[in-house]
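Working notes, beginning with the structure itself.
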Amino acid sequence: MGGALCSRTMSCNNSRVEYHRQSQSTDQLLMPNKWKANDVLYIRVKSKREKMQERGIESTQRTVAMFSPCTFRNCKCKGGTFRGVKRDHFGWKNSICVRSGCNHPLSDHIQHLKNVSMMEFTVLMKLIFDIINIKETLKNISIKPKSKRNILLKDIFESVYNVLNKSVLLHPFTTPNIDTIYGSPPFERTNIDQVLINFCMHFFYDDNILELKNAYILTKFVLKYFDTWMWTIPKELLKCNSQEYSKSYNYYYRRFLMYCCLPRCIHSISLRYRASKIFGHEVLKYTLKEFKSQLLSWCHVQSLMWTEHTKLFCLDYLTIYMDLLEKEVFNDKSPIWYMDLTLSELKDKISFLECIKIRK
Ligand SMILES: [Zn+2]
Ligand SMILES: [Zn+2]
Numbered sequence: 229m230g231g232a233l234c235s236r237t238m239s240c241n242n243s244r245v246e247y248h249r250q251s252q253s254t255d256q257l258l259m260p261n262k263w264k265a266n267d268v269l270y271i272r273v274k275s276k277r278e279k280m281q282e283r284g285i286e287s288t289q290r291t292v293a294m295f296s297p298c299t300f301r302n303c304k305c306k307g308g309t310f311r312g313v314k315r316d317h318f319g320w321k322n323s324i325c326v327r328s329g330c331n332h333p334l335s336d337h338i339q340h341l342k343n344v345s346m347m348e349f350t351v352l353m354k355l356i357f358d359i360i361n362i363k364e365t366l367k368n369i370s371i372k373p374k375s376k377r378n379i380l381l382k383d384i385f386e387s388v389y390n391v392l393n394k395s396v397l398l399h400p401f402t403t404p405n406i407d408t409i410y411g412s413p414p415f416e417r418t419n420i421d422q423v424l425i426n427f428c429m430h431f432f433y434d435d436n437i438l439e440l441k442n443a444y445i446l447t448k449f450v451l452k453y454f455d456t457w458m459w460t461i462p463k464e465l466l467k468c469n470s471q472e473y474s475k476s477y478n479y480y481y482r483r484f485l486m487y488c489c490l491p492r493c494i495h496s497i498s499l500r501y502r503a504s505k506i507f508g509h510e511v512l513k514y515t516l517k518e519f520k521s522q523l524l525s526w527c528h529v530q531s532l533m534w535t536e537h538t539k540l541f542c543l544d545y546l547t548i549y550m551d552l553l554e555k556e557v558f559n560d561k562s563p564i565w566y567m568d569l570t571l572s573e574l575k576d577k578i579s580f581l582e583c584i585k586i587r588k
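Numbered by the working numbering, the letters in the sequence shown go through residues 229 to 588 in order.
Structure representation (structure tokens):
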């Protein structure tokens, strides 16, 4: 869990003292990098981008020129257009930009590539590829039926598109800052990861309902599934009493798409975040019913291939765990929201219980 720093705030509407962790470093909020190796969408987009880069230096220069401002003095051209212009035997670099007011050669649009490092060049190529890719995606969305989901996606893609376009003009070698759109993660104080550690310790600390070490294994399993789980789209969310929440489901859902889903197909923006690390109380309340039902159904389907031991964990124990969790998540006064236990405290308790068993 790292950085077990705590701070205290007084809740406004009651006198309960609320504990919460201070923000963790970004690294601790991210998906471990190995997710990329198993993500089909990520791999497909990456290979498409690499193909674009493999077309050769001249083709690459021409693509970059289309997204880069002309550097000829006082020229206001913000991106070269070379439509209809043919390469001569020196290649594209003498091609003339056909934009009115420009008419300068391609080389004036790629001055910034001189002395550029490989790392900076990769940032730029990712940026340009993403702009082209998002443009294509927006075109595809516009011909699809106008569902709520498509309107939401269009909105998010357009916002990212605008940030990337600005970035390629002003800071072509820097990772674009998409935090200007919906703010920076985390979006809730005590995250789901912490809440589940609290829950695990609070209910299973004496090995009575389930052994604490087994409850901890289940906690890790549930968190892992939650981090790769695709949330229910707002339209299909089960009815919730909006008065119980400070923010709408839409508010969180947009951020989920932006920080947990988009990095799979837009590689220039941000790293992929773990939903369990950047969301907390409200998201758990919004999503738990649907999440629980999908997780348990998934286990039932998978169980055909499992050993008796795994079945015991993922069918019997998990059902007990999830039923209890559901009951507790809808109890706003539960200690799971303000306990601040660290992972090492939990592990120490497990070791302690194991020692007692051995002595017996
Ligand atoms: Zn131009
Ligand atoms: Zn020009």
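Note that the Cβ used here is the ideal one computed from N, Cα and C, for glycine as well.
Around Asp267, the same chain offers Arg492 as residues with beta carbons nearer than 8 Å, after the five sequence neighbours per side are excluded.
Taking C-beta atoms as the reference points, Leu574 and Cys428 count as a pair closer than 8 Å. Rounded to whole angstroms, the Cβ separation of Ile271 and Asn426 is 37 Å, and the two are not in contact under 8 Å. Setting aside the 5 residues that flank it on each side, Asp435 is surrounded in the same chain by Leu581, each with a C-beta closer than 6 Å to its C-beta; the list follows chain order. Residue pairing of Pro333 in beta bridges, as defined by DSSP: Ile324. For Leu352 against Leu392, the beta-carbon gap comes to about 11 Å, at or over 8 Å, which does not count as contact.
Of the residues assessed, Ser504 falls on the buried side of the cut-off, its CB having 16 or more other CB atoms within 10 angstroms.
The nearest non-hydrogen atom of ligand 2 is 7 Å or more from the C-beta of Phe310.
Per DSSP, the unbroken alpha helix (DSSP H) holding Phe484 starts and ends at 477-484. The DSSP-derived three-state label of Tyr389 is helix.
If you check the C-beta of His340 against ligand 1, you find no heavy atom less than 7 Å away. Taking the Cα of Lys517 as reference, the smallest distance to any Cα among Asn378, Ile406, Asp551 is reached at Asp551. In the structure shown, Leu258 falls within a strand segment according to DSSP collapsed to helix, strand and coil. Per the coordinates, the alpha-carbon of Lys382 lies some 10 Å from the alpha-carbon of Lys367. Shown in chain order are the residues whose CB sits closer than 5 Å to a heavy atom of ligand 2: Cys298, Phe300, Cys303, Cys305, Cys330, His332.
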